[in-house]
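Visitor: Quick one: this structure, given as structure tokens, is what I'll be asking you about.
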Amino acid sequence: MSNDTFRDLSQNPLVQRLGVPRIPVLRRHTPGAPLLDGPALVGSVGAGRFAEPIRALLEDAGVVETAEGKVAAVVLDATAATTLDDLCAAQVFLTPAVKRLAPNGRLLVLAPEPSEDPEAAAVAQAFDGIVRSAAKEVRAGATANLLVVTPDADVASSVRFFLSGRSAYVDGQVVHVAAPVGAQPEESDEERPLAGRVAVVTGAARGIGAAIAETLARDGATIIAVDIPAAGESLAAVANATGGTALQLDITATDAADRLLAHLRERHGRVDVVVHNAGITRDKLLANMDADRWNSVLAVNLRAQLTINAALLASDLLGDTGRIVCVASTSGIAGNRGQTNYAASKAGVIGMVRALAPQVAAKGVTVNAIAPGFIETAMTAKMPLATREGGRRINSLRQGGLPVDVAETVGWLGRAESGGVTGQVVRVCGQSLIGA
Ligand code: NAD
């Protein structure tokens, strides 16, 4: 049984006979699982240069291509599309293809960056509308996402993520992929894509942070789990479960960055993935807001990230293939009643990520934000039933996400091979109508 009783009940054929819609059970990654659990269909509009490498990637992963029957994934390389006729060709491919998409299938479209030519720019942007709409149409746990790519982009790690069960709750997203920043790393083992990498996770004692630590460790990373001293016992349990180390640290303390850097220097001599996950809420309407609530939320959710990033980037600890992943929130995109302080901090994180990304590219470092929507945690379990049910259902997948869904997205962005993805905000929200 999950936290979501309605979803569990909806699996029962007797309940379905009453006309209750079935809430899909999402396909999630398990160790050793294949990239896809069925064949795929790959198409292109014009002479896109990505279709062939994607076919090779699929073949490598043991996925066969088929012209008939149900498919687990449909991939359209529309990167050569520049005219309205190309848009018509895309529909001719997509309509029968989408009809063949199996439950928990994946629709992945690759489109070009908008050009200066008005028609070509219109066509490039049109794919945004197509994919966001298709994501609302595909059923039974299927998702649709768009990669907007430059001609020299390396899309492999992003294609793998979006086709796999790792992206179960990432739906209706548009991600820009360019040529990788820094050196091109060697391809890693798909079962342990973070092998040999050192990762810091703040707020790792419970909830989403604990799931991030466990998921990154499962994928081969060495974990430094950070949380406040009061959470020491559960922090130690997470550190032990991941085979990593625990660092009791209030990230708002004036010496927090120094202590974190000293720990990294002494134990590992470097860090590869920094996950700013620690966060708090202190909700109050703006009209009733007090400085304490305002300042404490900004201190944990934003100021600590700015301070630690500045210290890390000024040091030699975060080198080529360094990855900074900042947890924001859909509240920082759409706003939320009673959360001006929280939304300020989370929107602030998005602003910080966009400013930092181009500044650190030359170092080979990427910086991205993840904006979770409704995630099933102890926090959301405490919500009043009506608010909780609302949060769960107002997205294309009609359910809340799990902490592991955020964690898998961190894992993708944390890979050395994901150097082409930077300055992005990826929502893990099942295409929530909030912030859409
Ligand atoms: P949580 O409250 O369960 O866990 C947060 C952790 O951060 C706790 O272990 C806490 O002790 C730690 N922490 C708080 N202040 C700290 C400090 N000063 N120094 C070090 N550690 C500190 O929260 P969660 O639901 O797991 O959320 C994790 C992140 O995801 C947060 O940034 C949150 O804003 C964001 N988020 C959560 C949801 C959701 O639905 N749960 C949705 C959107 C965004």
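Under my numbering, think of the first position of the sequence shown as 857, with each following residue one higher.
From the three backbone atoms N, C-alpha and C, an ideal C-beta is built for every residue, glycine too.
#1: Helix, strand or coil for Asn960? Go by DSSP, reduced to three states.
#2: Between which two residues does the beta strand (DSSP E) carrying Leu1174 extend?
#3: Can you find the residues in the same chain that come closer than 6 Å, C-beta to C-beta, to Pro1049, ignoring five residues on each side of it along the sequence?
#4: Determine, using beta carbons only, whether Thr1108 and Ala1155 come nearer to each other than 9 Å.
#5: Going by C-alpha distance, which of Ala1097, Leu964, Pro1240 is nearest Ser1020?
#6: Determine the burial state of Ala1218: buried for a count of at least 16 other Cβ atoms within 10 Å of its Cβ, exposed for fewer.
#7: Nearer than 8 Å: is that true of the beta carbon of Asn1165 relative to any heavy atom of the ligand ZN?
#8: Give the DSSP-derived three-state secondary structure of Asp984 in the structure shown.
#9: Helix, strand or coil for Gly1270, going by three-state DSSP, please let me know.
#10: What's the call for Thr886, buried or exposed, on a 16-neighbour Cβ count within 10 Å?
#11: Do you know whose CA, among Glu1232, Asn1165, Ser1187, lies nearest Gln1215's CA?
#12: Three or more C-beta pairs closer than 8 Å, one from the stretch 1003 to 1018 and one from the stretch 1031 to 1038: is that the case here?
#13: Specify, as a first and last residue, the run of the beta strand (DSSP E) that Leu1117 falls within.
#14: Using the C-alpha atoms, what's the distance from Glu1089 back to Arg988?
#15: Does the stretch 1228 to 1237 come into contact with the stretch 1167 to 1178, if we say contact requires no fewer than three beta-carbon pairs (one atom in each stretch) closer than 8 Å?
#16: Among Lys1202, Ala1225, Ala1203, which has the Cα closest to the Cα of Ala1213?
#17: Are the stretch 941 to 955 and the stretch 1022 to 1029 touching, with three or more C-beta to C-beta distances below 8 Å?
#18: From Gly888, Tyr1198, Leu1103, Arg911, pick the residue whose C-alpha is nearest to that of Pro895; which is it?
#19: State the CB to CB distance for the pair Val979 and Thr935, rounded to an integer number of angstroms; the pair is presumed to be in contact (CB under 8 Å).
#20: Are Gly961 and Val994 touching if we call contact CB-CB under 9 Å?
#21: Just mark Glu1042 as buried or exposed, buried being the case when its beta carbon has 16 or more other beta carbons within 10 Å.
#22: Tell me the residue span of the alpha helix (DSSP H) that contains Gly1247.
#23: Tell me which residues share the same chain as Ala1087 and place their Cβ nearer than 6 Å to its Cβ, disregarding the 5 neighbours each side in the sequence.
#24: Answer yes or no: do Val1260 and Arg863 have a C-beta to C-beta separation smaller than 9 Å?
#25: Using DSSP bridges, identify the partner residues of Glu921.
#26: Contact check, Val1153 vs Thr1137 under 8 Å by CB: the rounded distance?
Guide: Put simply:
#1: As a first step, residue 960 must be located in the sequence shown, where it is residue number 104. Three-state result, Asn960: strand.
#2: Taking the sequence shown and counting its residues from 1, the one referred to as residue 1174 is at position 318. Taken as a continuous stretch (DSSP letters only), the beta strand (DSSP E) holding Leu1174 covers 1174 to 1183.
#3: As a first step, residue 1049 is located in the sequence shown; it is residue number 193 there, counting from the start. Cβ neighbours of Pro1049 beyond the five flanking positions: Asp1075, Arg1271.
#4: Walking along the sequence shown from the start, residue 1108 turns up at place 252. Walking along the sequence shown from the start, residue 1155 turns up at place 299. Cβ distance < 9 Å, so Thr1108 and Ala1155 count as in contact.
#5: The residue you call residue 1020 lines up with position 164 of the sequence shown. Out of Ala1097, Leu964, Pro1240, Leu964 has the C-alpha closest to the C-alpha of Ser1020.
#6: Translated into the one-based positions of the sequence shown, residue 1218 becomes position 362. By the neighbour-count rule (16 or more Cβ atoms within 10 Å), Ala1218 is not buried but exposed.
#7: For the ligand ZN, the structure offers nothing, since it holds only the ligand NAD.
#8: Sequence index remark: in the sequence shown, residue 984 carries index 128 (1-based). Here Asp984 sits in helix by DSSP.
#9: Working through the sequence shown from its first residue, we reach residue 1270 at position 414. Residue state, collapsed to three classes: helix.
#10: Along the sequence shown, one-based indexing puts residue 886 at 30. Exposed, by the Cβ-count rule.
#11: As a first step, residue 1215 is located in the sequence shown; it is residue number 359 there, counting from the start. Among Glu1232, Asn1165, Ser1187, the Cα nearest to that of Gln1215 is on Asn1165.
#12: yes
#13: Against the sequence shown, residue 1117 aligns to sequence position 261. No beta strand (DSSP E) contains Leu1117, which is instead part of the alpha helix (DSSP H) from 1112 to 1123.
#14: As a first step, residue 988 must be located in the sequence shown, where it is residue number 132. As a first step, residue 1089 must be located in the sequence shown, where it is residue number 233. Spanning the two alpha carbons is a distance of roughly 43 Å.
#15: no
#16: Numbered from its first residue, the sequence shown carries residue 1213 at position 357. That would be Ala1225, whose Cα lies nearest to the Cα of Ala1213.
#17: no
#18: Working through the sequence shown from its first residue, we reach residue 895 at position 39. Minimum Cα distance to Pro895 is reached at Arg911.
#19: Working through the sequence shown from its first residue, we reach residue 979 at position 123. Working through the sequence shown from its first residue, we reach residue 935 at position 79. Not really, about 11 Å apart at Cβ, beyond 8 Å.
#20: The count along the sequence shown starts at 1 and reaches residue 961 at position 105. The count along the sequence shown starts at 1 and reaches residue 994 at position 138. In contact: Gly961 and Val994 (Cβ atoms closer than 9 Å).
#21: Residue 1042 sits at position 186 when you count from the first residue of the sequence shown. Classification for Glu1042: exposed.
#22: If you number the sequence shown from 1, residue 1247 lands on position 391. From DSSP, the alpha helix (DSSP H) with Gly1247 extends over 1241 to 1249.
#23: Taking the first residue of the sequence shown as 1, we reach residue 1087 at position 231. Around Ala1087: Ala1061.
#24: Locating residue 1260 in the sequence shown gives position 404, counting from the first residue. Locating residue 863 in the sequence shown gives position 7, counting from the first residue. Cβ distance not < 9 Å, so Val1260 and Arg863 don't count as in contact.
#25: By 1-based counting over the sequence shown, the position of residue 921 is 65. DSSP output for Glu921 lists Ala896 as bridge partner(s).
#26: Position 297 of the sequence shown, counting from 1, holds the residue named residue 1153. Position 281 of the sequence shown, counting from 1, holds the residue named residue 1137. Going by Cβ atoms, the distance from Val1153 to Thr1137 rounds to 7 Å, so yes, they are a contact pair.
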